[in-house]
Structures are given as structure tokens and as C-alpha cells.
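Novice: Numbering-wise, my numbering puts 98 at position 95 of the sequence shown, and it's gapless, one number per residue.
To start, I am sharing the structure in question, which I have written as C-alpha cells.
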Amino acid sequence: MVKKQKRYQRMINDQKNISFNDFVFIILAFGFKQNRVTGSHHIYDHPDVPQSVSVQPDGNQAKPYQIRQFLRLIKKYNLTMTDKTDTDETDQDTEGEATDD
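Next up, the structure:
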């Protein structure tokens, strides 16, 4: 959860320097699921949001206006990050460890 929080905080503070991969990571962290990819358009849906989120990379960066739109959307629908998409290396390392007991 720590990495998600850090990425999200960075996205809130500076919409101009966010990688597209980090943006997608945060979209998924808020419970959106990828519906389809059409060309460069990545479409995400959420069960509690009636509209889809469509994002396109600008090179390897996220488009700042799409980040602002996403931030408004999660605020409007009062969405929170879920633990389901947590890919923190520290969590993965401890979950699969065997004990010598």
C-alpha cells in the first residue's frame, strides 16, 4: 500500500510529470478494470461509476488534463484505493515466505 500512496501523492502534487504506467497503476488501485484498448485509447470501467475512463499516453507520460479529470472523478464518486491491486515488493516477499517451524 505504501507504493500506491506515494504514487498517488506524487500524482496529486504534480500532474505534469507522471508516467503513463504510474497513472494506469493508480487507476487500477482505485478499483477500475480495463475494459478494452482501441489503438492508443485505454478504457477503464468501475462498478460504481456510470462513465468509463479513457486515457492515452503522450509518449511514455500521462496527459495532465486526464489526470485532473481522473482526480475529479474519484472525488465526485468518493472512491478509495483498494488492496486488490497492491504490487508492493515488500508485501509479495513476505506473503510467499516459508517458515522453518
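Just so you know, even glycine gets a beta-carbon here, dropped at the ideal spot from N, CA and C.
1. Please report the straight-line C-alpha distance between Val52 and Tyr80, rounded to a whole angstrom.
2. For Thr85, which residues of its own chain have a beta-carbon under 6 Å away from its beta-carbon, when the five flanking residues on both sides are left out?
3. Quick one: measure Cβ to Cβ for Gln59 and His44, integer angstroms, because I've assumed they're closer than 8 Å.
4. On the DSSP letters alone, give me the boundaries of the beta strand (DSSP E) that Tyr47 sits inside.
5. Looking at Ile29: is its Cβ nearer than 7 Å to the Cβ of Tyr11?
6. Which runs of the alpha helix (DSSP H), 4 residues or longer, sit entirely within the stretch 19 to 75?
7. Go through its chain and collect everything with a Cβ distance to Arg71's Cβ below 7 Å, but skip five positions before and after it.
Specialist: In terms of the structure at hand:
1. Walking along the sequence shown from the start, residue 52 turns up at place 49. Walking along the sequence shown from the start, residue 80 turns up at place 77. Distance between the alpha carbons of Val52 and Tyr80: 7 Å.
2. Translated into positions along the sequence shown, residue 85 becomes position 82. Within its own chain, the residues whose Cβ lies closer than 6 Å to the Cβ of Thr85, once the five positions on either side in sequence are excluded, are Gly34, listed in chain order.
3. Taking the sequence shown and counting its residues from 1, the one referred to as residue 59 is at position 56. Taking the sequence shown and counting its residues from 1, the one referred to as residue 44 is at position 41. About 5 Å separates the two Cβ atoms, so the contact holds.
4. Within the sequence shown, the letter at position 44 stands for residue 47. First-last of the beta strand (DSSP E) with Tyr47: 44 to 49.
5. Counting from one through the sequence shown, the residue named residue 29 turns up at place 26. Counting from one through the sequence shown, the residue named residue 11 turns up at place 8. Closer than 7 Å, so yes.
6. 23 to 32
7. Counted from its first residue, the sequence shown places residue 71 at position 68. Result list for Arg71: Gln18, in chain order.
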